[in-house]
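Numbering (this note's numbering), first residue to last: 5 to 303.
Even glycine gets a Cβ: it sits at the ideal position worked out from N, Cα and C.
Structure first, commentary second.
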């Protein structure tokens, strides 16, 4: 990671955490148990890759963090809700997330389900909260970004991908089905970060098309790398149970393509992402760095 990217992340990540803290009721607010459970998972040490993509996309087309921050917070809430539900016994039945016991292990299954529901609900509530001084153009941009987020989180995105993931357990699926699954389950929300951030900043048609191509490549690359790490790392490095997908009979990029081909695909997707934003020049520097960070990560 270059020093300027590290400095950029070092400034933006705490700003995201502070905004998330402001967006949620305090732990002691009634009913305290749910607010404690929500905060337990949301502040469990995530890298904030999705909010950073929102902010970087907005800045690449001339926008500012203030306009994009509600979406940055909303996508992290939706991502965290999906992890809480994904870890439940009815889904992946995981005991460890980000190096800590999963929500249902700490609060029980019922509260974990409600904590996920609360985060999903608050995400869209937050997107609907426009300041009184906001004009018609700001409202239109917020509405467009909210639509992108809703689509990514729904049955053609995250939820649909999760359904296909569950239905594919123990079955041999082809490469096209695997790609569709992961473009929905993982890629859709990551792509929505980039598209939504650009929309909030008023991106023109050409810039938006370039960022959509970047988001599609980065979104799939993230999952390919996840599959590689799941097959090659350990619990301590990942902060979650390694090898869980293989043990559950899930199709992964490693099981379908093999380890070396999966690594090559991740590298090719990185090249696609960087090519998509090459016309941005200096404006795309942070996005290019984030793409490389996603593909080169070790956890």
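Roughly how many whole angstroms lie between the Cα atoms of residue i and residue j?
i	j	result
residue 200	residue 94	31 angstroms
residue 287	residue 64	5 angstroms
residue 175	residue 19	43 angstroms
residue 24	residue 127	10 angstroms
residue 114	residue 42	13 angstroms
residue 171	residue 158	17 angstroms
residue 187	residue 301	19 angstroms
residue 61	residue 79	14 angstroms
residue 58	residue 106	26 angstroms
residue 283	residue 110	48 angstroms
residue 121	residue 99	20 angstroms
residue 276	residue 82	27 angstroms
residue 215	residue 269	20 angstroms
residue 257	residue 266	6 angstroms
residue 30	residue 55	21 angstroms
Taking residue i as the reference, give the member of the options with the closest Cα.
i	options	result
residue 116	84, 130, 139, 235	84
residue 150	159, 160, 136, 129	129
residue 17	30, 53, 32	53
residue 264	275, 255, 228, 209	228
residue 259	235, 276, 273	235
residue 123	158, 86, 7	86
residue 153	138, 120, 192	192
residue 160	178, 196, 96, 125	196
Please state whether the Cβ-Cβ distance between residue i and residue j is less than 8 angstroms.
i	j	result
residue 168	residue 185	yes
residue 156	residue 162	yes
residue 77	residue 132	no
residue 299	residue 280	no
residue 119	residue 45	yes
residue 165	residue 190	yes
residue 198	residue 219	yes
residue 225	residue 273	yes
residue 108	residue 91	yes
In chain order, what residues of the same chain have a beta carbon less than 8 angstroms from the beta carbon of residue i, not counting five sequence neighbours either side?
i	result
residue 134	142, 143, 146
residue 136	none
residue 230	190
Looking at the ligand NAD, does it come within less than 7 angstroms of residue i, judged from the CB to the closest heavy atom?
i	result
residue 46	Because no ligand of any kind appears in the structure shown, any question about the ligand NAD cannot be addressed here.
Ignore the nearest five residues each way along the sequence and tell me which others in residue i's own chain have a CB closer than 7 angstroms to its CB.
i	result
residue 278	292, 295
Among residues of its own chain, excluding the 5 on either side of residue i, which ones have a beta-carbon nearer than 6 angstroms to its beta-carbon?
i	result
residue 253	173, 174
residue 12	290
residue 68	none
(request) Taking 8 angstroms as the threshold, find out whether the region 204-218 comes into contact with the region 71-78 through three or more Cβ pairs. (result) yes
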